[in-house]
Every structure is written in C-alpha cells, then in structure tokens.
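Q:
And the structure:
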C-alpha cells in the first residue's frame with residue numbers, strides 16, 4: 027500500500043500582502059496543489075492523506091467544487107482529509123453538506139471516526155476541528171480498532187492551543203502511521219511512524235527550509251517513508267557580515283551573488299551584521315531591486331577610531347561625550363579597532379557609538 031501525506035496546504039492564503047509577488051504566491055499555492063494531485067496519480071498512490079488546513083479559511087463553494095473536481099480525477103486513489111484550525115467547521119460551513127466525489131472521505135466528526143478500505147486492508151482515523159482552538163489532548167487516549175490491518179491516524183495540532191500532543195504516549199498508541207499537520211516545518215517525531223508533513227508551500231516568512239510531502243509505503247507490516255521537496259519557493263534568512271572595509275557597492279555585490287546562488291525565485295529576509303566605516307551608509311531601501319526581499323535589517327555598528335576622535339574633538343561636546351562614556355581601561359588604547367570583542371559588545375560601548383553617531387549628524 028502506497029500513500030502520500032500532505033498538510034497545511036492553505037488554499038486561499040495570500041502570503042506577503044503588499045509585496046509585488048504576493049498575488050503570484052496565492053496562485054502558486056493553488057498550482058502546487060494541482061501538481062500534487064498529478065503527482066499522486068503518477069505515483070498511483072492508494073491513499074492521499076490530508077492532515078488539516080487544506081483551506082486557509084472558510085472555503086467558498088466554488089473552491090470546494092474546484093478541489094472536488096481535482097480529487098475526482100484520481101483514477102485509483104482514495105482521498106481522506108480532516109478540517110484543521112484554519113478551516114474549522116462552522117454550523118454554516120458548506121463542506122458539511124457538500125456532495126464529495128466517490129473517492130473522497132471527509133472525516134468531519136467532532137470525535138474520532140474511521141474508514142476501512144478493504145482492498146488495501148487499511149483503516150484511517152481522524153476528527154475535524156469545530157472551533158479555532160482546542161486545548162484538550164484529544165489524541166492521547168486513541169487506540170486502533172481490533173481488526174488486523176494497517177492503522178493510520180490523521181491528526182492536526184501539537185501545541186498548547188491546538189490539541190496538545192503527548193509525543194511518547196501517542197507513539198506508543200499502536201497506530202502504524204500518524205500523519206500530522208499544523209506545524210509547518212517538516213519533521214519526524216518518530217522515524218517512519220509519526221511525521222509532520224509540513225506546509226506544502228511556505229506561507230509565512232518563518233516557514234524556512236524545504237517544503238513538500240511525505241511518500242510512504244506499507245509492506246510486510248512495516249512502513250517506510252521519505253520526504254519529497256515540492257514547493258516552488260522557499261523563505262531564506264540571509265546574514266551578511268560587514269567589516270571596516272565594506273562599502274555599499276561591495277555589499278550590494280555580495281547580496282546579488284547570494285541571491286543568484288540560492289535562487290532568484292526565493293523570498294529573503296536579510297540582516298547585515300558586524301562593523302563598518304562610520305562614513306559608510308548602506309542604502310538598504312534600494313536592495314529590493316536584487317530580488318524578492320521582505321526586509322533588510324542593518325544591525326551593523328560604526329567602527330570608530332576613538333583615539334583619533336578624541337584628538338580632533340578634545341574641547342567640544344563630542345570629545346567630552348567620549349571621555350565620559352569610554353571605560354577607563356580603554357582610554358589608553360590608541361584606536362577603536364584595538365578594543366576587544368567584549369569591550370565592543372558591552373552596553374556602554376554601544377551607547378558611546380550611537381551617541382557619537384548622533385552628535386556627528388547634528389554638526
């Protein structure tokens with residue numbers, strides 16, 4: 027028996043609102059979902075398991091029809107899915123009364139229910155959300171039914187507000203495989219047995235790393251799984267280091283080279299760290315021209331030569347400020363670059379740099 031396990035598709039989501047690529051991202055989430063249906067057909071999987079949050083919010087009727095059409099095109103695959111905390115079932119939710127294709131099983135109960143597939147001797151269990159938050163550990167006491175078959179649990183949650191999970195207890199519950207959803211980062215809590223598929227496409231800047239689906243096979247009483255990368259893009263956090271020789275043009279070249287290396291289709295958060303010449307200004311507002319950049323955080327600090335500054339400003343406010351804040355043990359040092367990392371990292375030194383920078387701007 028072969029299966030594909032996905033979760034947190036979030037159809038209808040519009041990631042990164044206000045950015046030029048946002049509308050395209052929304053379309054890509056649908057496109058990747060269509061592609062996973064094609065992949066399921068290509069793999070001739072027996073089951074497509076969807077562990078919650080197929081939709082980002084309450085689905086529209088036309089969206090249900092679109093999804094149902096795609097499910098119905100699968101020639102041999104049975105689809106089993108549950109509602110998660112984003113697409114939880116309200117009294118007026120259209121999916122409660124929707125007429126699904128013959129190969130689609132929607133486990134919409136408030137309590138755990140199951141469906142048995144005789145031709146593959148497999149039982150799939152699950153329950154749906156009826157509210158955004160469920161703080162009760164509803165999965166901890168679940169055990170498979172007595173029949174000798176492959177037992178799979180669809181579960182959505184794992185944090186304090188969304189069905190907390192006792193990992194050890196659940197791993198010992200007797201299910202052959204636990205298909206988890208809600209956590210967007212793919213991860214195995216128990217190898218080949220209890221796995222978060224992660225979001226099919228990343229929808230939040232914190233959804234870093236690869237995203238895709240789990241391909242599993244049950245043979246001779248054992249399950250083997252592997253993660254398959256499938257997303258169109260990734261969120262990447264870039265840290266670029268500066269030193270006193272760095273210029274704005276050189277930093278731009280480094281950024282452009284990194285984006286070319288990691289992929290221009292990806293979306294970036296950039297942080298600049300280290301030290302720089304006090305006269306250098308990084309024009310971070312212009313860095314967006316190099317790719318899909320959410321933000322650039324300039325956390326660099328000026329590398330002041332306090333010996334030289336004291337000599338030039340001994341009688342004015344800048345000199346008096348430096349003499350007041352520079353620690354006694356460092357006053358004898360000739361320049362800032364001789365200061366230790368610890369000296370440069372303390373709060374007093376940071377205040378000294380910020381103060382001098384502000385005073386120089388006023389002159």
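Residue numbers (the numbering used here): 27 to 389.
The beta carbon of each residue, even a glycine, is placed where N, CA and C say it ideally should be.
Who are residue 62's beta bridge partners in DSSP?
A: Per DSSP, none; premise fails for residue 62.
Q: State the DSSP-derived secondary structure class of residue 360, mapped to helix, strand or coil.
A: Summary for residue 360: the model assigns pLDDT 46, below 50, so the residue's position carries little reliability, and this model does not support an answer.
Q: Roughly how many whole angstroms lie between the Cα atoms of residue 37 and residue 381?
A: If you take the alpha carbons of residue 37 and residue 381, they lie about 49 Å apart.
Q: Starting from the C-beta of residue 143, find all residues in its chain whose C-beta is less than 7 Å away, skip the five residues before and the five after it, and write them out in chain order.
A: Excluding sequence neighbours, residue 143 sits near 104.
Q: Counting Cβ pairs, one atom from each stretch, are 3 or more of them under 8 Å apart for the stretch 59-71 and the stretch 133-147?
A: no
Q: Give the straight-line distance between the Cα atoms of residue 364 and residue 267, rounded to the nearest whole angstrom.
A: A caution first: residue 364 carries a pLDDT of 49, below 50, which makes its placement in the model unreliable, though a value can still be read off. Straight-line Cα distance between these residues: approximately 19 Å.
Q: From which residue to which residue does the alpha helix (DSSP H) around residue 323 run?
A: Residue 323 -> not in any alpha helix (DSSP H); beta strand (DSSP E) instead, spanning 318-324.
Q: What did DSSP end up calling residue 309 once you bin it into helix, strand or coil?
A: coil
Q: Bridge partners for residue 220 per DSSP, in chain order?
A: According to DSSP, residue 220 bridges with 204 and 216.
Q: With which residues is residue 294 paired in a DSSP beta bridge?
A: For residue 294, the pairing in a beta bridge is given by DSSP as 262 and 319.
Q: Using the rule of at least 16 other Cβ atoms within 10 Å of the residue's Cβ for burial, across every protein chain shown, is residue 53 buried or exposed?
A: exposed
Q: Quick one: what does DSSP say residue 197 is sitting in, helix, strand or coil?
A: The answer is helix: DSSP assigns residue 197 an H, G or I state.
Q: If you measure between the beta carbons of residue 34 and residue 188, is that distance less than 8 Å?
A: No; because the gap between Cβ atoms is not below 8 Å, this pair is not in contact.
Q: Could you tell me the boundaries of the alpha helix (DSSP H) in which residue 347 lies?
A: 343-351
Q: Using only the alpha-carbon positions, how far apart do residue 279 and residue 292 sit?
A: 18 Å
Q: Residue 379 by DSSP, collapsed to three states: which one?
A: helix
Q: Taking the continuous beta strand (DSSP E) assigned at residue 132, which residues delimit it?
A: 130-132
Q: Enumerated in chain order, which unbroken segments of the alpha helix (DSSP H) with a length of 4 residues or greater are wholly contained in the stretch 154-193?
A: none
Q: Given a threshold of 16 other Cβ atoms within 10 Å of its Cβ, counted over all protein chains shown, does residue 257 qualify as buried or as exposed?
A: buried
Q: Can you tell me whether residue 342 is buried or exposed, with buried defined as 16 or more other CB within 10 angstroms of its CB?
A: Exposed: under 16 other Cβ atoms inside 10 Å.
Q: With 16 other CB atoms within 10 Å as the buried threshold, where does residue 327 fall?
A: buried
Q: Determine, using beta-carbon pairs with one atom in the stretch 106-124 and one in the stretch 144-163, whether at least three such pairs fall under 8 Å.
A: yes
Q: Taking buried to mean at least 16 other C-beta atoms within 10 Å of its own C-beta, is residue 87 buried or exposed?
A: Here residue 87 is exposed: its Cβ has fewer than 16 other Cβ atoms, across all protein chains shown, within 10 Å.
Q: Alpha helix (DSSP H) containing residue 91: first to last residue?
A: 87-98
Q: Going by alpha carbons, who is nearest to residue 176 out of 49, 95, 219 and 161?
A: 219
Q: Whole angstroms are fine: how far does the CA of residue 239 sit from the CA of residue 213?
A: 11 Å
Q: In the DSSP assignment, find the unbroken alpha helix (DSSP H) run with residue 281 in it and report its ends.
A: 274-288
Q: Under 8 Å by Cβ, that's how I've got residue 180 and residue 62 pegged, so tell me the actual separation to the nearest angstrom.
A: No, residue 180 and residue 62 are not in contact; Cβ-Cβ is about 16 Å, not under 8 Å.
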